[in-house]
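So the protein lines, in turn, are chains A and B. According to our numbering, the first sequence is numbered sequentially starting from 601. According to our numbering, the second sequence is numbered sequentially starting from 5. Yeah, the Cβ is synthetic: ideal placement off N, Cα and C, and Gly gets one too. Data first, discussion second: the structure below is written as structure tokens.
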Amino acid sequence: MANKRSTNGGIERIYVWQLPVRLTHWLIFFSIIVLSATGYYIGHPFISVSGPARDHFVMGTARAVHLYAAIVFTLSAAVRIYWMFAGNAYARLTQLVPLAGERLGNLWQTALFYSFIRRHPEAYPGHNALAGAFYALVFVIYLAMVATGLALYTVVAAAGSPFRAFDFLVPLFYGLQMARLIHHIGMWFLLIFAVAHVYFVLLSSITERIGTVDSMFSGYKFLPRRRAGAR
Amino acid sequence: MSYHRLSDELEYRGISRRDFLGFCASMAAVLGLPEGAGRAIAAAVENEPKPILIWLEFQDCAGNTESFLRASHPTVADLILDSISLNYHETLMAAAGSQAEDALAQTVRDNAGKYIALVEGSVPTGANGAYCTIGGRSALHIAREVCGAAAATIAVGTCAAFGGIPAARPNPTGALSVGDAVPDVKNLINMSACPANAENITALIVYYMTLKRWPPLDQYRRPLFAYGKAIHDNCERRAHFDAGQYVEAWGDEAHRHGHCLYKMGCKGPATSQNCPVVRWNEGTNWPIGCGHPCIGCAEPNFWDTMTPFYRRLPDVAGFSVGEWVDPVGLGLAGVTTAAVVAHGVGMAVRRRVGEGASKEDESEVE
């Protein structure tokens, strides 16, 4: 890790987000935007067209875009989950599920900061523990979205399609209609999370001043040397 | 106990050779078999001994029997399935009382392991089976005895296949499907739908007579020839779905033009059956064809998960979750946005207020 850290005076430059983390983050971001927009239209087709049906393909286009975006989303989420086991210390599962005492302490301190009780955040190069715990929940929702999406797809997959093999998922959700309902609820969870996520990232960026927003493009964060070394 | 062949009866019944071959060709079409298969079916149906059938009715409305009596080729189909009325069928048989029950017992005894049981209706298990008794015996008792000794059991209709309406929440009678009520049943085939399509049941029996085996099944033990594709994928209104042309209200212009019923709650996208192809009442029409959305009657738990019939999403435990999920989700997203903005304002105010005390802050961080 020595070559991944460089110091300049009292500031240390740390390589936090590896390329797979950043790449999957933005692919998941864009695919969720596309999936939500097309998904909302599929659930509530608010555009109505007139004239012969052969002249239009609005729902067909929405569904096609939704399915291709779902492929991008599923593969990105799968790579990110793999990277929870193969990536650097900041990408690992232990950063998401707060089990270690240090992480639980950080979770509590972060909650105190957000509640206006603690005046300054406890700076940490990776995810703070509270954010990590929410990301763990988000990945559970990702899995639910992929599973319900696959279940809904089995019924329209072409005969002989390998996707038909996922039809065992349908009874697990008590039928396609319940899978559809869960798919709707999951979308709102993710959109609500996105609002809070953007806010807390901006908050962190402003209060911690360690380059939180920039780091999701460059991979680097900048911490005062003593804080960086503290972990 | 008729082991006689069909060819002996055709002429006697006044059925022409042409009608008979037409029937065999239509069966081949329902089964999705190629053109020449009609001849193989004709040879099998003519020359093979007719299977012995027993039709049991439990917690049902006799709707499958009604539908079946109106099979689109009643003369030939009646002939193939004649053994039903000869041996046992509560609605159709002439015998009554102990005479009828003796006929059932004798058929089961004499043909153990050889006959095919067709079951209509769910099997109630509550109150020790008291909700449905025939001749003093519970439906569960009869089902286990008759289906347990059958070469195959065909669950006709959604009640027999999946419990259907009697098993819908809160399931007051403890109704079970035949498969659940008789765990050791052999060669169970579920012909769901409310009612099951008579064409499909006839085709299933013809398939068995021709090929001496049962057709490939899906995960709910339904034959793929009848339940292998979503209604949505064979729907005549599919072009309007893909285009984005939807009925918004009963009788509106889109409805009169035959546009897609998706927004009226059509469950075609969640239901697998060959209704759009085989249709009903001698191929006259089918629900979507006459302007009504599919209600998903062929699927497990259909009464609990396909209702409300005229909305896209289901209710959960009696609450209109499906109706409210998207407005509530949108509202919560708005509340979240307002909350983070308020939190941000709070943080900004605090930073400004706290500027004077920044020295002590630094020491806290250090």
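Is there a Cβ of chain A sitting closer than 8 Å to that of residue i, yes or no?
i: B/Asn-204; result: no
i: B/His-236; result: yes
i: B/Gly-293; result: no
i: B/Lys-363; result: Unreliable positioning characterises B/Lys-363 in this predicted model, as indicated by a pLDDT of 45, which lies under 50. A coordinate reading is not provided.
i: B/Ser-89; result: Note that B/Ser-89 has pLDDT 46, beneath the 50 cutoff, so the model's placement of it is unreliable and the number below is only indicative. Not an interface residue.
i: B/Arg-226; result: no
i: B/Lys-267; result: yes
i: B/Asp-188; result: no
i: B/Gln-223; result: yes
i: B/Pro-4; result: Past the edges of chain B, shown from 5 to 370, lies residue 4 of chain B, and the structure says nothing about it.
i: B/Asn-201; result: no
i: B/Ser-30; result: no
i: B/Ser-142; result: no
i: B/Gly-348; result: yes
i: B/Gly-232; result: yes
Between residue i and chain B, is any beta-carbon pair separated by less than 8 Å?
i: A/His-666; result: no
i: A/Tyr-742; result: no
i: A/Pro-620; result: no
i: A/Ile-633; result: no
i: A/Asp-767; result: yes
i: A/His-656; result: yes
i: A/Ile-647; result: yes
i: A/Leu-716; result: The sequence shown places Phe at residue 716 of chain A, rather than the Leu named in the question. Chain B contact via Cβ: present.
i: A/His-625; result: no
i: A/Gly-643; result: yes
i: A/Ser-796; result: Here residue 796 of chain A is Ala; the residue named in the question, Ser, does not match the sequence. Yes, A/Ala-796 lies at the interface with chain B (some Cβ there is under 8 Å from its Cβ).
i: A/Leu-823; result: no
i: A/Met-816; result: no
i: A/Gly-660; result: yes
Residue i lies in the alpha helix (DSSP H); which residues open and close that run?
i: A/Ile-671; result: 658-686
i: B/Val-160; result: B/Val-160 -> not in any alpha helix (DSSP H); beta strand (DSSP E) instead, spanning 156-160.
i: B/Met-195; result: B/Met-195 -> not in any alpha helix (DSSP H); beta strand (DSSP E) instead, spanning 192-195.
i: A/Pro-771; result: 769-772
i: B/Pro-280; result: 279-282
i: B/Ala-185; result: 182-185
i: A/Phe-629; result: 619-643
i: A/Met-745; result: 729-754
i: B/Leu-144; result: 143-152
i: A/Ser-805; result: 776-808
i: A/Arg-654; result: Note, A/Arg-654: premise wrong, no alpha helix (DSSP H); not H, not E.
i: B/Ile-209; result: 202-215
i: A/Trp-708; result: 701-714
i: B/Val-112; result: 101-114
Count the other CB atoms, across all protein chains shown, that sit within 10 Å of the CB of residue i; report buried if there are 16 or more and exposed otherwise.
i: B/Lys-267; result: buried
i: A/Ala-677; result: buried
i: A/Asn-603; result: Residue placement at A/Asn-603 is flagged as unreliable, the pLDDT there being 49, under the threshold of 50; a coordinate-derived value is accordingly withheld.
i: B/Gln-249; result: buried
i: A/Ser-818; result: exposed
i: B/Asn-285; result: exposed
i: A/Ser-650; result: exposed
i: A/Trp-683; result: buried
i: A/Ser-761; result: exposed
i: A/Arg-780; result: buried
Considering only residues of the same chain and omitting the five flanking positions on each side of residue i, which have a CB-CB separation below 8 Å?
i: A/Asn-728; result: Asn-706, Leu-707, Thr-710, Pro-721, Glu-722 and Ser-804
i: B/Thr-404; result: In the structure displayed, chain B extends from 5 to 370; residue 404 of chain B sits before or after that span and is not available.
Start and end of the beta strand (DSSP E) containing residue i?
i: B/Glu-124; result: 120-124
i: A/Arg-613; result: 611-615
i: A/Phe-822; result: 820-824
i: B/Leu-57; result: 57-61
Between residue i and chain E, is there a C-beta pair that is closer than 8 Å?
i: B/Arg-356; result: Reference to chain E is not applicable here, since the protein chains of this structure are A and B.
Would you say residue i touches the ligand PLP, meaning its beta carbon is less than 7 Å from a heavy atom?
i: B/Ala-165; result: Looking at this structure, you won't find the ligand PLP or any other ligand, since it has none at all.
Among the residues of its own chain, which have a CB less than 7 Å from the CB of residue i, if the five just before and after it don't count?
i: B/Ser-89; result: Residue confidence for B/Ser-89 is low, a pLDDT of 46 falling below 50, so the modelled location carries little weight; the figure read from the coordinates is stated next. Around B/Ser-89: Leu-96 and Met-97.
i: A/Val-658; result: Ile-647 and Val-649
Leaving out five residues on either side along the sequence, give the residues of the same chain with a beta carbon under 6 Å from the beta carbon of residue i.
i: B/Ser-71; result: Pro-199 and Ala-202
i: A/Gly-811; result: Lys-821 and Phe-822
i: B/Glu-303; result: Thr-275
i: A/His-656; result: Val-649
Along the region 234-259 of chain B, what residues have a CB closer than 8 Å to any CB found in chain A?
Residues passing the 8 Å Cβ filter: Ala-234, His-236, Asp-237, Ala-243, His-244, Phe-245, Asp-246, Ala-247, Gly-248, Gln-249, Tyr-250, Glu-252 and Ala-258.
Residues from the region 295-308 of chain B in contact with chain A, defined by Cβ distance under 7 Å:
Within the region 295-308 of chain B, the qualifying residues are Glu-303, Pro-304 and Asn-305.
When Cβ atoms are compared, which residues of the region 775-787 of chain A fall closer than 8 Å to chain B?
Listed by position, the residues of the region 775-787 of chain A near chain B (Cβ gap below 8 Å) are Gly-775, Leu-776, Gln-777, Met-778, Arg-780, Leu-781, His-784, Ile-785 and Met-787.
Output, in sequence order along the chain, the residues in the region 744-760 of chain A whose CB is closer than 7 Å to any CB in chain B.
Result list: Val-755, Val-756 and Ala-759.
Where the region 663-691 of chain A meets chain B: residues whose CB sits under 9 Å from a CB there:
Correct list: Arg-663.
Of all the residues that make up the region 323-339 of chain B, which are near chain A by a beta-carbon distance shorter than 7 Å?
Under the 7 Å Cβ criterion, the region 323-339 of chain B contributes Val-325, Gly-326, Val-329, Asp-330, Gly-333, Leu-336 and Ala-337.
So if I threshold CB-CB distances at 8 Å, which residues from the region 156-173 of chain B count as touching chain A?
Taking 8 Å as the Cβ-Cβ cut-off against chain A, none of the residues of the region 156-173 of chain B qualify.
Under 9 Å (Cβ pairs) to chain A, residues found in the region 34-54 of chain B
Residues of the region 34-54 of chain B that bring their beta carbon within less than 9 Å of a beta carbon in chain A are absent altogether.
In chain order, what residues of the region 266-286 of chain B put their CB closer than 9 Å to some CB of chain A?
Hits within the stretch, in order: Tyr-266, Lys-267, Lys-271, Pro-273, Ala-274, Thr-275 and Ser-276.
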